[in-house]
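Novice: Mind having a look at this structure? Questions to follow.
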Amino acid sequence: MGRRTKGKKKKMKEKKKMKKKKKKKFSARWFKGGGCGEAAGVDAEEYTAGRDSCRVRPYCAKVLVLCQKLPYIPIYRRHQRVSTMTEREDNVYRAKLAEQAERYDEMVEAMKMVASMDVELTVEERNLLSVAYKNVIGARRASWRIISSIEQKEENKGGEEKLEMIRNYRTQVEKELKDICSDILGLLDKHLIPTASAGESRVFFYKMKGDYHRYLAEFATSNDRKAAAENSLVAYKAASDIAMTELPPTHPIRLGLALNFSVFYYEILNSPERACRLAKAAFDDAIAELDTLSEESYKDSTLIMQLLRDNLTLWTSDMQGESEFLGNVIYVNPYDRAHKGN
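For the sequence shown, this note's numbering assigns the number 5 to the initial residue and increments by one for each residue that follows.
Have a look at this one:
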């Protein structure tokens, strides 16, 4: 009986030792990699606010030093994958996704974040910004034209009740147009133009500035229209001065500038002669250097040249000496993607 009692006592001691060892390992495992707040799944502030509220208080005395030395790591971040994308890259990719999904308002928001970083945009970023705003403004411009046409027809009929509703709706669309134009013009003045150092970028952004002031002039009246037209003219001239010295006549951005600037003269300033003169000069200068075009820009350049020629044909149809304005014929594949001067 004595031997059995001794054996039992030994086993009991061994079990107690094992329990102590297990308890130590358990507490160490809990506190490894973070403070006691992590061990209990609570915030660090919750524990430090009052020891009585801590759910792991029995272990605090043994690992208090360890808790104080190790940094607090929230549980939700311990196994989180670290992103390799910067904020800029993240917004650019989000803009591309939004473009594919045809969610252009969200595309605008993503590119606004990039534009506000005060860094010179890459060609890809520049084009994404342009596409985003062109789509959101393009939809409203089309709506405004349709509503204005309906309003004109209703005026001829003399329906006052419907006219009031139409005018209110047109005013709503005009407010949206103003907000979009103010948005991009603010970005251009505060961030994009000041950070642009390359000649190509400066022409691109000044042209953009001229375009959005022109969009304001399309629906503005009296002094507002005059101010928008003047601002547009100043921006287009600034872009033209840089383009003449830093871009070749066949460069797509220089040709696109000539196309939109000539549309401004024709539609906003009601000056078809100046519009035709500008378009013809740009067309002839590009024709003279057509052989120097690279394969990369050949499609874009020739398509814009065709649009310049189409405008010349349209604008000179009611003018004398049409053949004087129309230059050499240029062949363009009709299945290629066309640019629009708008």
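Note that CB positions come from ideal geometry on N, CA and C, so glycine has one too.
What separation, rounded to the nearest whole angstrom, lies between the Cα atoms of residue 308 and residue 165?
Specialist: Near 45 Å, if we compare the C-alpha coordinates of residue 165 and residue 308.
Novice: Compute the beta-carbon to beta-carbon distance between residue 273 and residue 219, rounded to the nearest angstrom, for a pair I have assumed lies under 8 Å.
Specialist: Actually they are not in contact, since the Cβ atoms of residue 273 and residue 219 sit about 15 Å apart, beyond 8 Å.
Novice: Consult DSSP for residue 122 and reduce its assignment to one of helix, strand or coil.
Specialist: In this structure, residue 122 counts as coil in the three-state DSSP scheme.
Novice: Leaving out five residues before and five after residue 293 in sequence, what residues of the same chain have Cβ atoms less than 7 Å from its Cβ?
Specialist: Answer for residue 293: 252, 253, 254, listed in chain order.
Novice: Is the beta carbon of residue 312 sitting closer than 9 Å to the one on residue 266?
Specialist: Closer than 9 Å, so yes.
Novice: Let me check understanding here. Comparing Cα to Cα, which of 111, 215, 201 lies closest to residue 271?
Specialist: Out of 111, 215, 201, 215 has the C-alpha closest to the C-alpha of residue 271.
Novice: Quick one: measure Cβ to Cβ for residue 184 and residue 240, integer angstroms, because I've assumed they're closer than 8 Å.
Specialist: The Cβ separation is near 20 Å, so there is no contact.
Novice: For the alpha helix (DSSP H) holding residue 183, just list the boundary residues, first then last.
Specialist: Residue 183 -> alpha helix (DSSP H) spans 164-191.
Novice: Taking only the alpha-carbon atoms, compute the straight-line gap between residue 199 and residue 132 and give it to the nearest angstrom.
Specialist: Roughly 17 Å separates the two Cα atoms.
Novice: Can you give me the Cβ contacts of residue 103 inside the same chain, cut-off strictly under 6 Å, excluding the 5 residues immediately before and after it?
Specialist: Excluding sequence neighbours, residue 103 sits near 111.
Novice: With contact counted as at least three CB pairs below 8 Å, one residue from each stretch, are the stretch 147-154 and the stretch 106-126 in contact?
Specialist: They do not touch, by the three-pair rule.
Novice: Run through DSSP, which three-state label would residue 206 get?
Specialist: Helix, per DSSP.
Novice: How many whole angstroms separate the CB atoms of residue 141 and residue 207, which I take to be in contact at a CB cut-off of 8 Å?
Specialist: Contact doesn't hold; Cβ gap of about 20 Å is too wide.
Novice: Please give me, in chain order, every unbroken run of the alpha helix (DSSP H) with length at least 4 that falls completely inside the stretch 224-310.
Specialist: You should have 226-250, 256-271, 276-292.
Novice: Within 10 angstroms of the Cβ of residue 169, are there 16 or more other Cβ atoms? Answer buried if so, exposed if not.
Specialist: Answer is exposed; the Cβ neighbour count stays below 16.
Novice: Specify the secondary structure class of residue 36 as computed by DSSP and reduced to three states.
Specialist: Since pLDDT at residue 36 reaches only 39, below the 50 mark, its modelled position is unreliable, and the value read off the structure follows with that caveat. Residue 36 falls in the coil class under three-state DSSP.
Novice: Taking the alpha helix (DSSP H) that residue 132 belongs to, which residues open and close that run?
Specialist: Note, residue 132: alpha helix (DSSP H), 127-161.
Novice: Can you find the residues in the same chain that come closer than 8 Å, C-beta to C-beta, to residue 95, ignoring five residues on each side of it along the sequence?
Specialist: Once the five neighbours on either side are set aside, the close Cβ partners of residue 95 are 114, 115, 117, 118.
Novice: The alpha helix (DSSP H) with residue 100 in it runs from where to where?
Specialist: Per DSSP, residue 100 belongs to the alpha helix (DSSP H) from 91-104.
Novice: If we call anything under 9 Å between Cβ atoms a contact, is residue 262 one with residue 242?
Specialist: Cβ atoms of residue 262 and residue 242: not closer than 9 Å.
Novice: Is residue 305 near residue 290, with beta carbons less than 9 Å apart?
Specialist: Yes, Cβ-Cβ distance for residue 305 and residue 290 is below 9 Å.
Novice: My output table needs one value for residue 317: the three-state DSSP class, helix, strand or coil.
Specialist: Note: residue 317 maps to helix in three-state DSSP.
Novice: Got a sec? Which residues, its chain only, sit under 7 Å from residue 154 by beta carbon, not counting five neighbours each side?
Specialist: So the list reads 170, once near-sequence residues are dropped.
Novice: Anyone know if the C-beta pair for residue 236 and residue 268 falls short of 9 Å?
Specialist: Result yes, Cβ atoms of residue 236 and residue 268 sit closer than 9 Å.
Novice: Please tell me whether residue 202 and residue 221 are closer than 9 Å, where the distance is taken between their beta carbons.
Specialist: No, these two residues do not count as a Cβ contact at 9 Å.
Novice: Just the C-alpha distance for residue 18 and residue 90, rounded to the nearest angstrom, thanks.
Specialist: One C-alpha to the other measures close to 56 Å.
Novice: Tell me which same chain residues have a C-beta within less than 7 Å of the C-beta of residue 135, skipping the five on either side of it?
Specialist: Excluding residues within five positions, the ones whose Cβ falls inside 7 Å are 103.
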